[in-house]
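Visitor: Below you will find the structure I want to go over with you.
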Amino acid sequence: MYDMKALYEAHSVAEAVALRAEHPEAQIIAGGSDVLVQMREGKRAGKELISIYGIDAMRGVSLDAEENLRIGSLTSFSHITRDPLIQKYINVLGEAVDQVGGPQIRNIGTIGGNTCNGVTSADSASTLHAWEAIVELTGPDGVRREPIRDFYIKAGVVDLRPGEIQTAILIPKASYENTFGYYIKYAMRSAMDIATLGTSVNVRLSADKKTVERCRIAFGVAGPVPMRAEHAEAAANGQPVSAALAETFGRTVLEDINPRDSWRASKAFRQHIAAESAARAFIEAVKRAGGEL
Amino acid sequence: MAEQHEIQYKTVRFNLNGRDVEKSVDVRASLTDMLRNDFRMTSVKKGCEVGECGACNVLIDGEAFNSCIYLAVWAEGKKIRTLESLLGPNGELSDIQQAFVDEAAIQCGFCTPGFILTAVEILESGKLYSDDELRKLLSGHLCRCTGYQNILRAVKKTMYRRLGLEPPKQ
């Protein structure tokens, strides 16, 4: 038994929005692999829950009229990894979420839950930042869309306003077109572990594959929320593809990140693996884009 | 609407091991609670109860889930399978269970039902996986007795047999 005060179940987005308005204090629960565990630990004990897990309309991946990739917020990690559209356009996201927890966690965990809990270590978060994902929120006044970097306010806090639920995550066509990425999760164990650092890099190369047209990088656990490393991006954009560039790129991330000391790793160690992971992920992303270095 | 000390019940209809069932459950119950207490599916073990160990693993619509972090009311309309579903009509063990016995992949047995149901999901995919892929697919389960090598062997052997292939020498 969970120590919950009451459970309200929504089976449509409209029902969920109405329940949010009716019970503003209630906690939203999607897959529950964070919320139920926290409830067990006593952190959320005695709370009311609004379950949105039964809203099947919020599952699945599709392309919208403008060919933006639309990922329903309740799509599980394992379904994202197996999805043909994800594999075609943003394979790195499928690879990143395939490193969350273990197989059972990837069957219950949702991309919406992974982002709404506002945790910097979320394996989806760095890739979504690096691909400039758009968060779709549905509330009493309708739908609004917001860049994911604005959605994260501070550790554990996201821009989810009264009455709202997150209904989808979009990857704009301009973001995924001709773009190839690579994710590195640094953790102590291969399974059932939380990232010490997550690094997601993607590149778009010129037609002759010799020049970096656009490079983007984002980290998880390099700061209180997932973050882009803009100096590093600027150092790579427009530059000829080379091994030396990968090294410069890696070194430059230190101008952007601000990791902390924690029991998982020291600040100095995180800085070290950030530079190293950035360079390695850059090299892999360039290779996937057809570049040689 | 339920007040703080009033118990809130809900009727849940689902398919359990091939049989349509219906139960009125306390909404605070986990799926583990309901399967053990209301249906006597005692193969579903209470281990960590926070989704770490995999002892409570069941198959829901063919996918493995830790039932300890799954609300009982979410079972509505689902097809749920526990280890009990593998038993033959005269109490025979299934091939994967027998392989666990043959490979000494069991000591205390507490993790075994969870492991075997993940193995069932692996086997029913009809795919041939490498050892590394199998290790990853089995990584959501903790065993504190045998270590994992015998478990890997049991799953691998059964995977080869079901695909009509000769298991490689181990």
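Which chain is which? The protein sequence lines are A and B, in order.
Start counting at 1 in the first sequence, then tack on 228, and there's your number in the numbering used here.
In terms of the numbering used here, the second sequence has 71 at position 91, counting the first letter as 1, and numbering is strictly consecutive.
Think of the CB as a built atom: it goes at the ideal place given N, C-alpha and C, for glycine as much as any other residue.
(1) Between the segment 107 to 119 of chain B and chain A, which residues of the former have CB atoms less than 9 Å from a CB of the latter, in chain order?
(2) When you compare each of Leu521/A, Arg492/A and Leu425/A to Ala506/A by their alpha carbons, which one comes out closest?
(3) Looking at chain A, which residues of the segment 20 to 49 of chain B have a Cβ within less than 7 Å of any of its Cβ atoms?
(4) State the Cα-Cα distance for the pair Lys275/A and Glu237/A, rounded to the nearest angstrom.
(5) Where does the unbroken alpha helix (DSSP H) through Lys515/A begin, and where does it stop?
(6) Mind the definition here: the segment 247 to 261 of chain A touches the segment 75 to 93 of chain B only if three or more C-beta pairs lie below 8 Å; say whether that holds.
(7) Where does Ala(-18)/B sit, in a helix, a strand or coil, going by DSSP?
(8) Who are the neighbours of Arg8/B on chain A, taking C-beta pairs under 8 Å?
(9) Which complete alpha helix (DSSP H) runs does the segment 67 to 124 of chain B hold, if anything under 4 residues is left out?
(10) Sort Leu264/A, Ala474/A and Ala503/A by Cα distance to Ile336/A and report the nearest one.
(11) Determine the chain A residues that contact Thr98/B at a beta-carbon separation under 8 Å, and present them in chain order.
(12) Is the number of C-beta pairs between the segment 86 to 98 of chain B and the segment 18 to 35 of chain B that are closer than 8 Å three or more?
(13) Rounded to the nearest angstrom, how far is the Cβ of Pro454/A from that of Tyr404/A, given a contact under 8 Å?
(14) So, is the C-beta of Ile314/A closer than 8 Å to a C-beta in chain B?
(15) Across the segment 334 to 352 of chain A and the segment 55 to 62 of chain B, are there enough close Cβ pairs to call them in contact, namely three or more that are closer than 8 Å?
(16) From the beta carbon of Leu103/B, is the nearest beta carbon of chain D less than 8 Å away?
(17) If you count every other CB in all the chains shown that lies within 10 Å of the CB of Gln129/B, and 16 or more means buried, which is it?
(18) Could you check the C-alpha separation between Ala9/B and Arg20/B for me, to the nearest Å?
(19) Output yes if chain A places a C-beta closer than 8 Å to the C-beta of Asp13/B; else output no.
(20) Using alpha carbons as the reference points, say which of Lys136/B, Val5/B and Ile102/B lies closest to Ala79/B.
(21) Can you find a CB in chain A that lies within less than 8 Å of the CB of Leu51/B?
(22) What's the gap between the Cα of Gly144/B and the Cα of Ile96/B?
(23) For Ala396/A, collect the residues of the same chain with a Cβ closer than 7 Å to its Cβ; drop the 5 residues on either side in sequence, then sort them by chain order.
(24) Would you kindly check if the distance between the Cβ of Asp378/A and the Cβ of Asp526/A is under 8 Å?
(25) Since Asn335/A meets chain B, which of its residues come closer than 7 Å, beta carbon to beta carbon?
(26) At the 8 Å Cβ level, is Val265/A part of the contact set with chain B, yes or no?
(27) Whole angstroms are fine: how far does the CA of Asp231/A sit from the CA of Asp6/B?
(28) So what does DSSP say about Asp326/A, is it helix, strand or coil?
(29) Using the beta-carbon of each residue, which ones in chain A are nearer than 8 Å to Gln(-12)/B?
(30) Give the single residue among Ser418/A, Gln499/A and Ile280/A whose Cα lies nearest to the Cα of Ala552/A.
(31) Mapping the DSSP letters down to three states, classify Phe379/A as helix, strand or coil.
(32) Cβ-heavy atom distance between Pro93/B and the ligand NAP below 7 Å?
Guide: With the structure as the only source:
(1) Arg115, Lys116, Leu117, Leu118 and Ser119
(2) Leu425/A
(3) Glu29, Val30, Gly31, Glu32, Gly34, Asn37, Glu43, Ala44, Phe45, Asn46 and Ile49
(4) 14 Å
(5) Lys495 to Arg516
(6) no
(7) The predicted position of Ala(-18)/B is uncertain, since its pLDDT is 47 and thus under 50; a value taken from the coordinates is nonetheless stated next. DSSP places Ala(-18)/B in coil when its eight states are reduced to three.
(8) Met229, Tyr230, Asp231, Met232 and Leu235
(9) 75 to 82, 92 to 104 and 111 to 117
(10) Leu264/A
(11) Pro331 and Gln332
(12) yes
(13) Pro454/A to Tyr404/A, Cβ: 18 Å. No contact.
(14) no
(15) no
(16) You won't find chain D in this structure, because its protein chains are A and B.
(17) exposed
(18) 15 Å
(19) yes
(20) Lys136/B
(21) yes
(22) 20 Å
(23) Arg298, Ile299, Gly300, Ser301 and Glu364
(24) Within the shown structure, residues of chain A are numbered from 229 to 521, placing residue 526/A beyond reach of any answer.
(25) Glu43, Ala44 and Phe45
(26) yes
(27) 11 Å
(28) coil
(29) Ala234 and Leu235
(30) Nothing can be reported for residue 552/A: it is not among the residues displayed for chain A, which extend from 229 to 521.
(31) helix
(32) Among the components of this structure there are no ligands whatsoever, and the ligand NAP is therefore not found.
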